[in-house]
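Novice: The structure under discussion is supplied below as structure tokens; questions concerning it will follow.
In UniProt numbering, the protein residues as written are 1 to 285.
What follows is the structure, encoded as structure tokens:
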């Protein structure tokens, strides 16, 4: 660190006097001017896309998400479509969890992602169940915090390398933990803290993304996308989600879902998994 120093004639005379056996007043001496560095907190800038699977009976799909830029929160949820067999819209539970999360953020009190999830859960009244992953960012501390239930999740990408991946919560193959009226509650949520850097990317998505794209494919897609599309996050979300959609219809492709099906369930499944796909890409800047 460079600094400048100033002095005045009085200080010099008094310093010389101190070497002559005279007392040196402690209140007068050298003045140091340290440069003042303005520290601007980082922020999380995000964009999103949701591609519902092609189901005329459920055009909105079962996924839901939110971006609360002012509060530096993002979240995704994946409603369990199996409820439809009982005449219940599984997507409505996911939509309420996400909308109630936004309501929970209102006010000045700073909350953790898990606290937001707890409040959203307590206010959700419809029947159904859903996975959920909520992330917050503290620009001053450069800390990413998350609460995750189930198999939605996120990656942190730095210099085109994955430096963090959130663990999934599954009881068995294709059976994730779920918030719901007859399922789990937020106490099972996995809480995560991770320190990020300027330029990091946060890729948050439902299982429609992560079941259909290998980690290496996500990185390759991001690399190509930024070359072709520049820094447009909305275009990048669309590009990444559509690559996952393409994989989901490829019956011969090796996907995370086909690998897990063979390894964990002993089933021979080739290709992707047709599902709703939600992607949020956030950049730390």
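All residues carry an ideal CB built from backbone N, CA and C; glycine is no exception.
Pull up the distance between the alpha-carbon of residue 59 and that of residue 39, whole angstroms please.
Specialist: Roughly 47 Å between the two C-alpha positions.
Novice: Of the choices 71, 68 and 64, whose alpha-carbon is the least far from that of residue 80?
Specialist: Nearest C-alpha to residue 80: 64.
Novice: Excluding five sequence neighbours on each side, which residues of the same chain lie with their C-beta closer than 7 Å to the C-beta of residue 113?
Specialist: The answer, listed in chain order, is 134, 135, 136, 145, 146 and 147.
Novice: Along the chain, which unbroken stretches of the alpha helix (DSSP H) at least 4 residues long are found entirely within the stretch 186-245?
Specialist: Taking only runs of at least 4 residues, the alpha helix (DSSP H) segments lying wholly in the stretch 186-245 are 207-210 and 215-229.
Novice: For residue 202, which option in 227, 218 and 191 has the closest C-alpha, if you only look at C-alpha atoms?
Specialist: The candidate whose alpha carbon is nearest that of residue 202 is 218.
Novice: Going by DSSP, what residue range makes up the beta strand (DSSP E) through residue 164?
Specialist: Start and end: 161-165.
Novice: DSSP puts residue 170 in a beta bridge; with which residues?
Specialist: In DSSP, residue 170 forms a bridge with 176.
Novice: Taking the alpha carbon of residue 83 as the reference point, which residue from 106, 129 and 224 has its own alpha carbon closest?
Specialist: Ranking the options by Cα distance to residue 83, first place goes to 129.
Novice: Taking Cβ to Cβ, would you say residue 245 is nearer than 8 Å to residue 281?
Specialist: Cβ atoms of residue 245 and residue 281: not closer than 8 Å.
Novice: From the DSSP output, in three-state form, read off residue 157 for me.
Specialist: If DSSP states are grouped into helix, strand and coil, residue 157 belongs with the strands.
Novice: By the three-class DSSP mapping on this structure, what secondary structure does residue 112 have?
Specialist: Correct three-state label for residue 112: coil.
Novice: Do residue 207 and residue 53 have their beta-carbon atoms positioned less than 8 Å apart in this structure?
Specialist: Going by C-beta atoms, residue 53 is not nearer than 8 Å to residue 207.
Novice: Which runs of the beta strand (DSSP E) fall wholly inside the stretch 65-117 and span at least 3 residues, in chain order?
Specialist: The qualifying runs are 73-79.
Novice: Would you please state the rounded distance, in angstroms, between the beta carbons of residue 338 and residue 141? I believe it to be under 8 Å.
Specialist: A question about residue 338 goes unanswered here, because the residues of the chain that appear run from 1 up to 285.
Novice: Going straight from the alpha carbon of residue 132 to that of residue 174, what length do you get?
Specialist: Their Cα atoms are separated by approximately 15 Å.
Novice: Quick one: what's residue 148 bridged to in DSSP?
Specialist: 133 and 190, per the DSSP bridge assignment.
Novice: For a test of the three-state rule: what should DSSP assign to residue 263, helix, strand or coil?
Specialist: Reduced to three states, the DSSP call for residue 263 is helix.
Novice: Assuming residue 273 contacts residue 212 under a Cβ cut-off of 8 Å, what Cβ separation, rounded to an integer in Å, is found between them?
Specialist: Their Cβ separation, rounded to whole angstroms, is 6 Å, which keeps residue 273 and residue 212 in contact under 8 Å.
Novice: Do residue 48 and residue 237 come within 8 Å of each other at the CB atom, strictly closer than that value?
Specialist: Yes, they are a contact pair.
Novice: Quick one: is residue 44 buried, meaning 16 or more other Cβ sit within 10 Å of its Cβ, or exposed?
Specialist: Counting Cβ neighbours within 10 Å, residue 44 comes out buried, since at least 16 surround it.
Novice: Does residue 192 pass the burial test, meaning 16 or more other C-beta atoms within 10 Å, or should it be called exposed?
Specialist: Burial call: buried.
Novice: Quick one: Cα of residue 107 to Cα of residue 99, how far?
Specialist: Computed Cα separation, rounded: 15 Å.
Novice: CB residue 62 to CB residue 90, shorter than 8 Å?
Specialist: The answer is yes: Cβ separation under 8 Å.
Novice: Express the C-alpha separation of residue 260 and residue 268 in angstroms, rounding to a whole number.
Specialist: Taking the straight line from one Cα to the other gives about 10 Å.
Novice: Figure out for me which residue from 95, 127, 204 and 71 has the closest Cα to the Cα of residue 166.
Specialist: Taking only the C-alpha atoms, the option nearest residue 166 is 204.
Novice: Alpha carbon to alpha carbon, how far is residue 94 from residue 262? Give it in angstroms, no decimals.
Specialist: Straight-line Cα distance between these residues: approximately 29 Å.
Novice: Can you name the start and end residues of the beta strand (DSSP E) that residue 283 belongs to?
Specialist: Segment 277-284, the beta strand (DSSP E) holding residue 283.
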